[in-house]
Amino acid sequence: SLLRQVSSLVRRLPAMESEKFQDEFLTEYNDTLLMTYLAV
Amino acid sequence: EEQVVVIREKLAELYESEQQWSKAAQMLSGIDLDSGIRMLDDTNKLSKCVQIARLYLEDDDAVNAEAFINKASFLVTNSNQEVLNLQYRVCYARILDLKRKFLEAAVRYYGISQIEQRQIGDEEIDENALEQALSAAVTCTILAGAGPQRSRVLATLYKDERCSKLKIYPILQKVYLERILRKPEIDAFAEELKPHQKALLPDKSTVLDRAMIEHNLLSATRSTYFCSFDELGTLLGIDPRKAEKIASRMICEDRMRGSIDQVEAVIHFEDDSEGLQQWDQQIAGLCQAVNDILDSMSSKGI
Amino acid sequence: AMDEVYRFDEVANARALQQKPWANDPHHYRRVRISALALLKMVVHARSGGTIEIMGLMQGKVDGDTMVVMDAFALPVEGTETRVNAQADAYEYMVDYSTINKQAGRLENVIGWYHSHPGYGCWLSGIDVSTQMLNQTYQEPFLAVVIDPTRTVSAGKVEIGAFRTYPKDYKPPDDPISEYQTIPLNKIEDFGVHCKQYYPLDITYFKSSLDSHLLDLLWNKYWVNTLSSSPLLGNRDYVAGQIFDLADKLEQAEGQLAHSRFGMLMSSQRKKEPEDSPLAKVTRDSSKITAEQVHGLMSQVIKDILFNSVHP
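Protein chains in written order, with the numbering used here: chain A, 1 to 40; chain B, 1001 to 1302; chain C, 2001 to 2312.
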């Protein structure tokens, strides 16, 4: 039963794989880097 | 006029003793509360209005009861008679329930269930009555139209620990967690409902049917991105065209986010929450799963 | 030994209060020890207020030059920055609460008040100073604690300050040394005018053996919550406000620079240390905001590597 639990956990990865998420993630990444650059 | 009033009141008492509620109410409603000859104070007027409304409600006559409760609304704000105020609140909640304004009724029932005093005037408030009010609140919330307003009330009820002791709790939990409800569960819930809550609507479905279909439709949006109407109809146990109608109404009323492609006969569900928020929710689930595995391992001595 | 502090010696406490050490030395109390329970309650209360200031009272005792806060309770008042002695609305509640609390075994008296400054730092405003001076006139020993729940989230640690005011017209021998903190432009004047009327106390924390055990049990929830939350998401409005404020301060600093270039700066301002110049302060504020954002981004990137880069 433990192995089944582990297998089920592994199958839930990756946690998120959608275009919408990628867009939001990279936008946030870029925003923060831009802010850092401006601050510097 | 005084004598007529006395006769009316006596007759009403007799009708009440014979459980002819509507007749008793009609007898009392003939009394002119705003008569210039007999000056009644506001408390008396309020008492009469509430009494008449209660009598009509015994026969489930929401229309007439509402007329008198509306009259009472003008008088209750200035009243400091706690028993009367409570009776007014209960009547109002029941009227909303009968008129199928389930969400508003639920909020009022919930307010009543939270009364802290156990003695108001000469009346004792027993725990069973409060539990009944709470149960009524849960029932009305489940029957209310699915959407963000209902979700808020569901959250309040679900987090109230008194609800976990109610018989109706398992279905509340499922509705709150937006899980699909199966037929046996719906039938079990239907057994607890009052006649007006199982009434037929113009489109030949019952109030319960509509509430359950809308709930299951919203639950489906949590697990799929899009779905054909045939599949949706199968999931909900209804005709695909009916599923399309219900979905389109919910989208128009802003209770569900999505779009319908009538040519392809497909509905696309949109999610309100941001991708990043969803990601965090997924991570929380994953971490919880890791925790559970570790707990299992340590309980097995690994 | 770690639970010894939880014992309340009524006689010893009464004796300590009878001596009134604060009357001779306005600086007598220099330290505060806050229990884990009190801290949790105050922070949760502050956070629950959102952007609205909340207020509550603390119960505890004194121990030499240390004030010990054992517990805290919320008061049913809000918006404490708009009137002096906002707690006057809650006197009845305070009396009832204290009476019932003693019956429940919490023997310590009220030893201070706490309130929140959502997003604008831990310091005492003019109204706070007036309130605390009033408290110190009639209710000594009394402490003022300020919590910033918004900065707590963005900084990842509790932003808290403990203060006591000086008596009126008292001149402290030297400037109190306090950690630099960003003050929004619309609060700077209020901060500056009154900052010399009070001094900060050093804060330490303590917990009982039971608290330690319970906190250990909560560890699992803590690490899950940490990984599944993002300070970048949660505090967007606050960060936007900070950047707006920074822009305003930058404009102000720019204006002052222009004046100095043309030699129009007043002699008093020319004497300012370079670190205290408006531009230096703006630079520090900007670095702080950026550092917090970068920390938030780092956690997002690490989560992406951990949870998104595995493909079975």
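Even for Gly, the Cβ is constructed at its ideal location relative to N, Cα and C. All values derive from a computational prediction rather than experimental measurement.
For residue j and residue i, believed in contact at Cβ under 8 Å, the rounded distance
| i | j | result |
| --- | --- | --- |
| Gly-1258(B) | Ala-1243(B) | Actually they are not in contact, since the Cβ atoms of Gly-1258(B) and Ala-1243(B) sit about 13 Å apart, beyond 8 Å. |
| Glu-1123(B) | Val-1083(B) | 5 Å |
| Leu-2214(C) | Arg-2164(C) | With 8 Å as the limit, Leu-2214(C) and Arg-2164(C) do not qualify as a contact, their Cβ atoms being about 32 Å apart. |
| Ala-1053(B) | Ala-1024(B) | At roughly 12 Å, the Cβ-Cβ gap does not stay under 8 Å, so Ala-1053(B) and Ala-1024(B) are not in contact. |
| Ile-2183(C) | Gly-2119(C) | Not really, about 11 Å apart at Cβ, beyond 8 Å. |
| Ala-1214(B) | Met-1250(B) | Per the sequence shown, the amino acid found at residue 1214(B) is Glu instead of Ala. The pair is a contact, with the Cβ atoms about 6 Å apart (cut-off 8 Å). |
| Asp-2190(C) | Ser-2125(C) | 5 Å |
| Ala-1146(B) | Arg-1255(B) | 6 Å |
| Thr-36(A) | Val-2294(C) | 6 Å |
CA-to-CA distance, residue j to residue i, given in whole angstroms
| i | j | result |
| --- | --- | --- |
| Glu-2179(C) | Thr-1141(B) | 52 Å |
| Arg-1179(B) | Ser-1219(B) | 6 Å |
| Phe-2307(C) | Ala-1133(B) | 46 Å |
| Ala-2280(C) | Leu-2250(C) | 10 Å |
| Gln-1119(B) | Ser-1047(B) | 19 Å |
| Leu-33(A) | Arg-2047(C) | 29 Å |
| Asp-2276(C) | Leu-1276(B) | 40 Å |
| Ala-1144(B) | Arg-1150(B) | 7 Å |
| Asn-2186(C) | Gly-2241(C) | 12 Å |
| Tyr-2166(C) | His-2194(C) | 11 Å |
| Thr-2226(C) | Leu-2037(C) | 21 Å |
| Leu-1294(B) | Leu-13(A) | 18 Å |
| Tyr-2198(C) | Glu-2010(C) | 29 Å |
| Leu-1086(B) | Tyr-1109(B) | 11 Å |
| Asp-2003(C) | Lys-2207(C) | 8 Å |
| Val-1076(B) | Tyr-1088(B) | 8 Å |
| Val-2068(C) | Gly-2060(C) | 5 Å |
| Gly-2049(C) | Thr-2131(C) | 21 Å |
| Ile-1168(B) | Asp-2285(C) | 55 Å |
| Val-2282(C) | Ala-2012(C) | 50 Å |
| Ser-1(A) | Lys-1300(B) | 11 Å |
| Val-1006(B) | Gly-1237(B) | 58 Å |
| Val-2239(C) | Glu-19(A) | 26 Å |
| Glu-1018(B) | Ile-1069(B) | 24 Å |
| Ala-1129(B) | Val-1090(B) | 11 Å |
| Asp-2128(C) | Gln-2181(C) | 18 Å |
| Ala-1028(B) | Ala-1137(B) | A small fix is needed here, since residue 1028(B) is Leu in this sequence, not Ala. If I take the Cα positions, the gap works out to 31 Å. |
Close-in-space but distant-in-sequence residues of the same chain around residue i (CB under 8 Å, 5 per side omitted)
| i | result |
| --- | --- |
| Thr-2204(C) | Arg-2031, Val-2032, Arg-2033 and Ile-2034 |
| Leu-1235(B) | Ile-1180, Asn-1216, Ala-1220 and Cys-1227 |
| Ala-1155(B) | Tyr-1176 |
| Glu-1185(B) | Pro-1170, Ile-1171 and Lys-1174 |
| Gly-1121(B) | Gln-1081, Glu-1082 and Val-1083 |
| Asp-1261(B) | Ile-1267 and His-1268 |
Exposure label - residue i; buried when at least 16 CB within 10 Å
| i | result |
| --- | --- |
| Phe-2348(C) | Any property of residue 2348(C) remains undetermined from this structure, which presents chain C solely from 2001 to 2312. |
| Thr-2150(C) | buried |
| Thr-2332(C) | Only positions 2001 to 2312 of chain C appear in the structure, and residue 2332(C) is not among them; the question remains open. |
| Cys-1227(B) | buried |
| Leu-1217(B) | buried |
| Gly-2161(C) | buried |
| His-1948(C) | The displayed coordinates of chain C run from 2001 to 2312. Any statement about residue 1948(C) would go beyond what the structure contains. |
| Asn-2235(C) | buried |
| Ile-1267(B) | buried |
| Gly-2296(C) | buried |
| His-2259(C) | exposed |
| Arg-1094(B) | buried |
| Ile-1171(B) | buried |
| Glu-1013(B) | exposed |
| Gln-1282(B) | buried |
7 Å CB neighbourhood of residue i in its chain, flanking five on each side removed
| i | result |
| --- | --- |
| Ala-1199(B) | Thr-1206 and Val-1207 |
| Val-2043(C) | Ile-2147, Pro-2149, Thr-2152 and Val-2158 |
| Gly-1107(B) | Correcting the residue type first, residue 1107(B) is Val in the shown sequence and not Gly. Only Val-1153 meet the Cβ criterion. |
| His-2028(C) | Pro-2021, Trp-2022 and Asp-2065 |
| Arg-1222(B) | Glu-1178 |
| Leu-1033(B) | Leu-1040, Lys-1045 and Lys-1048 |
| Gln-2252(C) | Pro-2278 |
6 Å Cβ shell around residue i - same chain, five flanking residues per side excluded
| i | result |
| --- | --- |
| Ala-2292(C) | What sits at residue 2292(C) in the sequence shown is Glu, not Ala. Cβ neighbours of Glu-2292(C) beyond the five flanking positions: Ser-2154. |
| Leu-2107(C) | Phe-2008 |
| Tyr-1056(B) | Ala-1025, Asn-1064 and Ala-1065 |
| Gly-2263(C) | Residue confidence is low: Gly-2263(C) scores 49 on pLDDT, short of 50, so the model does not pin down where it sits. No coordinate-derived value is stated. |
| Ile-2289(C) | Gln-2242 |
_Any 3 or more C-beta pairs closer than 8 Å across the region 2098-2117 of chain C and the region 2219-2232 of chain C_ = With a cut-off of 8 Å, the region 2219-2232 of chain C and the region 2098-2117 of chain C do not count as touching, because too few Cβ pairs lie within range.
*Specify whether the region 2018-2028 of chain C and the region 2091-2100 of chain C touch according to this definition: at least 3 beta carbon pairs, one from each stretch, less than 8 Å apart.*
no
*Looking at C-beta atoms only, is the number of pairs between the region 1092-1100 of chain B and the region 1055-1062 of chain B that lie closer than 8 Å three or more?*
yes
_Validate contact between the region 7-26 of chain A and the region 1277-1296 of chain B using beta carbons, cut 8 Å, 3 pairs_ = yes
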